[in-house]
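Respectively, the protein sequence lines represent chains A and B. Residue numbers for the first sequence follow our numbering, beginning at 442 and rising by one. Residue numbers for the second sequence follow our numbering, beginning at 442 and rising by one. A virtual CB, placed ideally from N, CA and C, is assigned to each residue, including glycine. Only a predicted model underlies this, so the values are computations on that prediction, with no experimental measurement involved. Data block below; observations after.
Number of protein chains: 2
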Amino acid sequence: MRPVEDLDTPAVLVDLDVLERNIATMAGRARAAGVRLRPHAKTHKVPEIGRMQLAAGAAGLSLAKVGEAEVFVDAGFDDIFLAYPVVGAEKARRLLALGDRARLAIGADSEEGVRAVAGAFHAAGRSIDVLLKVDSGFRRVGVEPEAAPETARRLAGMPGVSLRGVFTHAGHAYLESTPGGVAAVGSSEGETLAAVADAVRHAGVPMEEVSVGSTPSAPHAMTAPGVTECRPGNYVYHDASQVSLGVCAERDCALTVLATVVSVPAADRAVLDAGSKTLSSDALRPTPGGHGFLMGRRSRLARLSEEHGVIAVEPGERFRVGERVFVLPNHACVVSNLHDVVYGVRGGRIEAEWRVAARGKVA
Amino acid sequence: MRPVEDLDTPAVLVDLDVLERNIATMAGRARAAGVRLRPHAKTHKVPEIGRMQLAAGAAGLSLAKVGEAEVFVDAGFDDIFLAYPVVGAEKARRLLALGDRARLAIGADSEEGVRAVAGAFHAAGRSIDVLLKVDSGFRRVGVEPEAAPETARRLAGMPGVSLRGVFTHAGHAYLESTPGGVAAVGSSEGETLAAVADAVRHAGVPMEEVSVGSTPSAPHAMTAPGVTECRPGNYVYHDASQVSLGVCAERDCALTVLATVVSVPAADRAVLDAGSKTLSSDALRPTPGGHGFLMGRRSRLARLSEEHGVIAVEPGERFRVGERVFVLPNHACVVSNLHDVVYGVRGGRIEAEWRVAARGKVA
């Protein structure tokens with residue numbers, strides 16, 4: 442096995458010990474809470490890592506786009522929830538083809554949105570499993586909790602739709618600045634969605650699945666009575682944002698970017714060969730502050746161009762041209778989407794070279 | 442030829458009439474100024490578009506990474522300047538292999554930085570063309586103007602180095618909020634670099650090439666006496682940032698993203714199937730303000746998640762689920778790097794489907 446030093450830079454490294462521990466920890470949490478774990482595989486987009494999640498007890502995977510589902514079904518996965526409103530005739534056609542090979546479900550928050558997919562499945566004499574998206578406070582997609590019973594009744598009445606439950610994603614957990622705030626959002630997420638499911642049932646529509654999400658909120662949301670499933674994604678890798686949120690420590694972060702100092706044009710400035718093309722421009726959450734941590738250093742990445750990561754060198758630190766550094770990115774999921782390959786590393790040796798097979802599947 | 446309506450979304454469209462006009466306009470400017478045009482192909486990463494630039498009179502291409510040069514040399518390009526400090530033994534090895542098939546030059550701003558490449562070429566009995574990077578005010582990489590003669594003398598004395606000139610990139614033009622400010626940065630860029638070249642010559646080091654860059658600054662920098670070459674990149678596509686800078690109008694923007702409204706959960710909110718995975722998180726320049734213009738609409742993309750573009754719907758405007766919109770991104774170059782394919786469109790028909798062959802070449 443090659444040593445990490447042999448890799449050209451920039452390169453995305455995945456610490457296998459940390460990855461395995463993160464996968465086991467979340468699987469254990471879900472088991473303890475008595476809920477199914479359906480990790481969002483957008484974080485890694487790597488079938489090999491999805492298999493590790495299933496082996497640890499995950500019930501299936503979550504994804505967002507039909508193109509991602511195609512990659513994972515081709516890789517042998519047979520139970521996928523597209524936690525996204527899948528809209529339009531072309532995606533309906535592709536989903537129908539996939540439906541022969543896997544158990545599929547999709548998200549929806551309107552009749553108009555699900556009409557093409559429902560119509561295609563109905564015309565083929567089949568139905569598609571649908572979960573109604575509920576807004577638990579993120580204000581992105583999803584119906585308001587009070588509108589859920591009426592929308593659920595209408596969706597359940599559509600030919601081609603098999604309405605199985607409700608789901609939500611408390612993305613606003615990423616805006617909380619204390620662990621207590623994150624926990625409160627998580628608890629509210631679980632309790633809100635369980636109450637919505639009860640209200641829908643009360644309106645005469647059966648609800649099997651009550652599915653919550655997000656790495657910061659998951660441990661708090663999954664323990665709410667009535668929740669049946671949890672869909673965290675980022676936890677496999679973690680990142681600088683999770684550290685800043687207090688969700689984990691730096692030692693729990695599996696993904697780093699190995700980069701080289703290519704220029705030290707001034708005493709207070711050094712430049713890496715990793716810019717936004719490698720790290721993305723995503724801000725640190727909850728409070729913006731640089732473009733990634735430099736492991737073992739106090740200096741931060743102050744700004745990025747596409748191919749340049751500009752370090753504001755702290756007094757007392759020095760960087761030299763040719764030196765290598767490990768960057769902990771602000772947001773691991775988007776880093777995955779920028780790279781064709783990630784390297785699984787253990788004890789300084791490259792144990793795996795994984796293709797990010799579902800990278801760039803935008804549609 | 443298929444109509445654009447047949448495309449699934451999100452999809453990246455390139456208006457061929459606008460693309461051809463942009464290429465011709467910049468080529469005409471360079472001709473009029475009497476300088477060579479060496480467009481930075483990072484903007485498109487598409488060999489077919491590079492060929493259009495050469496056909497319009499470009500002398501060669503600029504790129505940043507060895508992996509990009511490999512793609513373009515494989516596609517038949519034989520004159521490439523890597524406008525980047527190329528550091529390290531592995532890149533040196535790959536460059537040496539490429540050097541058999543193309544005329545190559547690289548950037549450098551230190552002896553340490555260029556040592557591996559120079560050593561590899563010298564050991565093979567050859568030399569690599571090098572341009573010294575000068576900082577004309579962007580404060581990223583490059584030596585200070587006053588340090589250029591001494592660094593140039595040292596680089597010129599390194600075995601394996603053939604020092605051919607100086608180059609700069611006035612990226613700080615993107616921080617200017619008026620066309621006059623942009624013009625002033627451009628003029629200063631050209632004059633500063635020409636003066637540096639004279640000072641280096643005065644120190645006894647010959648300088649053939651005096652190369653300036655950036656789409657906003659190019660028209661102003663290329664007319665400075667002594668400038669020999671210009672390296673704008675973004676001009677082929679333009680984007681919302683160029684419009685905001687006053688560099689061009691919306692009708693000069695060739696690249697747009699076709700997206701679908703997938704959710705309208707509230708009267709003041711609509712959600713597109715294009716998020717940061719499609720548009721990137723790059724901010725509008727010079728003044729941040731949303732994540733892209735919606736063509737023909739007043740509403741803006743207020744926030745992005747990876748797969749969601751959240752529109753803040755202006756009073757009086759309405760979006761419906763299933764409707765398609767054209768998004769003018771903040772930054773076209775990074776959009777190219779997120780997609781495997783772009784579609785060349787004319788008169789509503791798809792005339793070309795181009796692979797973004799140099800996408801994701803980070804090393």
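Within the stretch 514-546 of chain B, Tyr525, Pro526, Val528, Gly529, Glu531, Lys532 place their CB atoms closer than 7 Å to a CB of chain A, listed in sequence order.
Here Arg535 of chain B is buried, its C-beta having at least 16 other C-beta atoms within 10 Å.
Between the alpha carbons of Arg796 of chain B and Ala510 of chain B lies a gap of roughly 16 Å. Boundaries for Gly606 of chain A: no alpha helix (DSSP H) harbours it, while the beta strand (DSSP E) harbouring it runs 602-608, taken from the DSSP string. Taking C-beta separations shorter than 7 Å and ignoring five residues to either side along the sequence, the partners of Arg595 of chain B in its chain run Glu552, following chain order. A straight-line Cα-Cα distance of about 7 Å links Val653 of chain A and Ala659 of chain A. For Leu725 of chain B against Ser777 of chain B, the beta-carbon gap comes to about 18 Å, at or over 8 Å, which does not count as contact. Listed along chain B, the residues sitting closer than 7 Å to Ser721 of chain A by beta-carbon distance are Ser722. For the stretch 593-611 of chain A, the set of positions with a beta-carbon nearer than 7 Å to some beta-carbon of chain B is empty.
Residue range 670-672 is occupied by the beta strand (DSSP E) that includes Cys671 of chain B.
Annotation: the continuous beta strand (DSSP E) that includes Glu650 of chain B extends over 650-654. For the alpha helix (DSSP H) assignment, the uninterrupted runs of no fewer than 4 residues enclosed by the stretch 683-737 of chain B are, from N- to C-terminal side, 717-720. The three-state secondary structure of Pro657 of chain A, taken from DSSP, is coil.
Fully contained in the stretch 514-564 of chain A are the following alpha helix (DSSP H) runs of length 4 or more, in chain order: 530-539, 552-564. Within the model, the alpha-carbon separation for Leu720 of chain B versus Ser722 of chain A is close to 11 Å.
Beyond the five residues adjoining it in sequence on each side, Cys689 of chain B comes within less than 7 Å, by CB distance, of His679, Gln683 in the same chain, given in chain order. Residue contact check for Arg759 of chain B against chain A: no CB pair falls below 8 Å. The three-state reading of DSSP puts His613 of chain A in helix, counting H, G and I together. Glu553 of chain B reaches chain A at Arg761, Val762, Gly763, counting residues in chain order whose Cβ is nearer than 8 Å. Annotation: Pro488 of chain A to Phe513 of chain A spans about 6 Å, alpha carbon to alpha carbon.
A residue is called buried once 16 or more other Cβ atoms fall within 10 Å of its Cβ, and Ala497 of chain A is buried on that count.
Around the C-beta of Ser618 of chain B, fewer than 16 other C-beta atoms lie within 10 Å, and the residue is accordingly described as exposed.
With contacts defined as CB atoms closer than 8 Å, Ser746 of chain A and Ser704 of chain A fail to qualify as a contacting pair. The secondary-structure analysis by DSSP pairs Tyr784 of chain A across a beta bridge with A:Leu454, A:Glu794. Counting the other CB atoms within 10 Å of its CB gives Gly517 of chain A a total below 16, which places it among the exposed residues. Taken through DSSP and simplified to helix, strand or coil, Ala635 of chain A comes out as helix. Rounded to the nearest angstrom, the Cβ distance from Met663 of chain B to Gly606 of chain B is 15 Å, too far for a contact under 8 Å.
Here the C-alpha atom of Arg477 of chain B lies approximately 18 Å from the C-alpha atom of Leu573 of chain B. Around Ser503 of chain A, the same chain offers Arg479, His481, Phe522, Ala524, Arg672 as residues with beta carbons nearer than 6 Å, after the five sequence neighbours per side are excluded.
Along the stretch 778-791 of chain A, the positions whose C-beta sits under 8 Å from a C-beta of chain B are Asn778, Leu779, His780, Asp781, read in chain order. Under the DSSP definition of a beta bridge, Ser503 of chain A partners with A:His481, A:Phe522. Membership of Arg741 of chain A in the beta strand (DSSP E) is indicated by the continuous run 741-745.
According to DSSP, residue pairing for Gly750 of chain B in a beta bridge involves B:Leu713, B:Leu745. Just measuring C-alpha positions, the residue of A:Gly674, A:Ala681, A:Ala638 sitting nearest Ala665 of chain A is A:Ala638. Taking 8 Å as the CB threshold, Thr450 of chain B lines the interface with chain A. Interface residue (Cβ-Cβ distance to chain B less than 8 Å): Glu748 of chain A is classified as such.
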